[in-house]
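K.L.:
My questions will all concern the structure given below.
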Amino acid sequence: MRSASALRRVGLRRLARRIDTATPPGRDRAVDALRAAAILGVVLGHWLVTALVADSGTVRGASPLQHLPQLAPVSWLFQTLAVFFLVGGHVAARSHAAARARGVSYGRWLGTRIARFYRPVVALLALWAVVAGALLASGTDLATVRTLLKLVWSPLWFLLVLTALTAATPLVAKVHPLWPLAVVLHIDVIRFGLGGPDALGWVNVAAGWLVPYCLGALWARKGLRGRTTGWALLAGGAAATALLVEYAGYPASMVGVPGAAVSNLDPPTLAAVTFGLAQCGAALLLRDPLRRLLTRPAAWAAVALLNLSAMTVFLWHQTALMAVTATGLLAGHPLPGLHTAPDGAVWVAARIAWLPVFAVALLICWAAFRTHEAYETHERRKPSGTTSVHEGRPARKETVHGA
């Protein structure tokens, strides 16, 4: 008789083969892998640089980058937003072109895509409205509640920008990335070189992320063929970023550091955009290796399942961190890497040790809230038991149409 673990392995292999078989032959699996990598980069990056310090009954936010600037290279690895916008522009441009070819109206196309973004957000905001009310009613100080809520809603800026760019896809799909890059360059020259107002930098929230988004749309139009483009973006973007950091005074960290005079991300600077170009170049160079890797059913199944719940993972990963932090308070004393100040190597080692615990908490959140991300964009269903995969999203007993 087979053991339970052996039966589970057999079941997982069958699931992987079923997902692999259900995937359309012409699907570019590398696109889904890049999206999954971008999501995991954001999650791990936040878990590594977000500290909640318990001090005299108050919880305040902190970052190890404040005390350990030598950790700036961590932000180079895990600040992967440019890759996400690259994939977003690629997928949206192809989706809109396919919708037009089928005679689907712009309004219907946009409504379907926006619903996918925001359906899971409703559950998150509803839960945290209840949690915030309960905390305030129990006497928790306002500063602690504000710190926690900021961690919940701060990632939502990404959805607002992605929504705006998605809505503008018919207009920007054919815009060359050099145009928004030129806007970012001029805004930074005015801000930092000519003493212009800091508020002008918020133009770069749109222009800065338009660069990888338009690059993705160019990719969708078959405009990024060959590895030469990838190497040019990687080398040129990396060199430009290094020069900007070394000689133009831009911060080395590609995420915001509390207390710093300038943030590369809030709003995006020219250094963040050139760094994003380097990331996009690396992503383009990884396409062929990823396609070869994802011919393996197990590897593809992992990528497809993560894409199935990408928004759930993105929205709930900070809640998972806070849940573990709050549970740790039951120990009666601050736990290293969880409640202590992020000011040394001990904190870094302890935080790395907490990552698997955060992952388990996120898995619980995923199990509880993943159904809010389920969708069906066509009223017809296949007969019971059929499986389809759309944009990396396996759907049991239903078919999901449209790009």
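Mapping of the sequence shown onto numbering that gives the first Met the number 0: position 183 corresponds to residue 182, and the numbering continues sequentially without gaps. Don't be surprised by glycine CBs; every beta carbon is placed ideally from N, CA and C.
Grab the span of the alpha helix (DSSP H) containing A303 for me, first residue to last.
P.N.:
Start and end: P296 to L307.
K.L.:
Drop a sphere of 10 angstroms on the beta-carbon of H89, count the other beta-carbons inside from all chains shown, and report buried for 16 or more, exposed for fewer.
P.N.:
It is buried - the Cβ of H89 has at least 16 other Cβ atoms within 10 Å.
K.L.:
State the Cα-Cα distance for the pair A35 and A298, rounded to the nearest angstrom.
P.N.:
The alpha-carbon atoms of A35 and A298 are separated by roughly 12 Å.
K.L.:
Going straight from the alpha carbon of R291 to that of Y117, what length do you get?
P.N.:
Distance between the alpha carbons of R291 and Y117: 33 Å.
K.L.:
Who are the Cβ neighbours of T162 in its own chain at under 7 Å, not counting the five residues just before and after it?
P.N.:
Result list for T162: I113 and F116, in chain order.
K.L.:
Here's a check: name, in chain order, each residue in its chain whose Cβ is nearer than 6 Å to the Cβ of A322, leaving out the five neighbours to either side.
P.N.:
Excluding residues within five positions, the ones whose Cβ falls inside 6 Å are A360.
K.L.:
Within the continuous beta strand (DSSP E) that includes T57, where are the two ends?
P.N.:
Counting along the chain, the beta strand (DSSP E) containing T57 begins and ends at T57 to A61.
K.L.:
Under the three-state reduction of DSSP, which class applies to D54: helix, strand or coil?
P.N.:
If DSSP states are grouped into helix, strand and coil, D54 belongs with the strands.
K.L.:
With C-beta atoms as the reference, is L164 less than 8 Å away from V171?
P.N.:
Cβ distance < 8 Å, so L164 and V171 count as in contact.
K.L.:
If you measure between the beta carbons of A340 and V52, is that distance less than 8 Å?
P.N.:
For A340 and V52, yes; Cβs fall inside 8 Å.
K.L.:
Once you ignore the five residues that flank V103 on each side, which residues in its own chain have a CB closer than 7 Å to its CB?
P.N.:
If we look at V103 and ignore the five residues flanking it on each side, it has no Cβ neighbours.
K.L.:
What does a CB cutoff of less than 7 Å around L214 pick up in its chain, not counting 5 residues either side in sequence?
P.N.:
If we look at L214 and ignore the five residues flanking it on each side, its Cβ neighbours are L85, G88, P176 and C279.
K.L.:
Return the CA-CA distance between T376 and G110, expressed in angstroms with no decimal places.
P.N.:
Low confidence applies to T376: its pLDDT is 36, below 50, so where it sits in the model is not reliable enough to give any reading.
K.L.:
Please classify Y212 as buried or exposed, where buried requires at least 16 other C-beta atoms within 10 Å of its C-beta.
P.N.:
Y212 is buried by the Cβ-count criterion.
K.L.:
Let's test the definition: count the other Cβ atoms within 10 Å of the Cβ of A309 and tell me whether it reaches 16, buried, or not, exposed.
P.N.:
A309 comes out buried.
K.L.:
Under the three-state reduction of DSSP, which class applies to L264: helix, strand or coil?
P.N.:
DSSP places L264 in strand when its eight states are reduced to three.
K.L.:
Between which two residues does the alpha helix (DSSP H) carrying Y249 extend?
P.N.:
Per DSSP, Y249 belongs to no alpha helix (DSSP H) and is neither H nor E.
K.L.:
Do the stretch 268-287 and the stretch 227-238 touch if we need at least three Cβ pairs shorter than 8 Å?
P.N.:
Touching, yes, given that three or more Cβ pairs across the two stretches are closer than 8 Å.
K.L.:
Could you check if E245 is buried or exposed, using at least 16 other CB atoms within 10 Å of its CB as the buried criterion?
P.N.:
Result: exposed.
K.L.:
Based on Cα-Cα distance, which residue from P355, A247, V302 and V144 lies nearest to A37?
P.N.:
Residue V302 is the option with its Cα nearest to A37.
K.L.:
At what residues does the alpha helix (DSSP H) containing Q278 begin and finish?
P.N.:
Run containing Q278: L269 to L284, per the alpha helix (DSSP H) assignment.
K.L.:
Could you check where the alpha helix (DSSP H) with V174 kicks off and where it finishes?
P.N.:
V174 -> no alpha helix (DSSP H), and no H or E assigned at all.
K.L.:
Among V188, P296 and L329, which one has its Cα closest to the Cα of L11?
P.N.:
Residue P296 is the option with its Cα nearest to L11.
K.L.:
Pick out whichever of P250, V129 and F368 has its Cα sitting closest to the Cα of L64.
P.N.:
That would be P250, whose Cα lies nearest to the Cα of L64.
K.L.:
Have a look at R220 and A91 and give me their C-alpha separation to the nearest angstrom.
P.N.:
Rounded to the nearest angstrom, the two C-alpha atoms are 12 Å apart.
K.L.:
Report yes or no: do three or more beta-carbon pairs, one from the stretch 65-73 and one from the stretch 126-142, lie closer than 8 Å?
P.N.:
Contact fails: fewer than three Cβ-Cβ distances are below 8 Å.
K.L.:
When we look at the beta-carbon of A100 and count the other beta-carbons within 10 Å, is it buried (16 or more) or exposed?
P.N.:
Label assigned to A100: exposed.
K.L.:
Which stretch, first to last residue, makes up the alpha helix (DSSP H) that contains V42?
P.N.:
Taken as a continuous stretch (DSSP letters only), the alpha helix (DSSP H) holding V42 covers R28 to V48.
K.L.:
In its own chain, which residues sit with a C-beta less than 6 Å from the C-beta of P266, not counting the 5 before and 5 after it?
P.N.:
Result list for P266: G200, W201, N203 and V204, in chain order.
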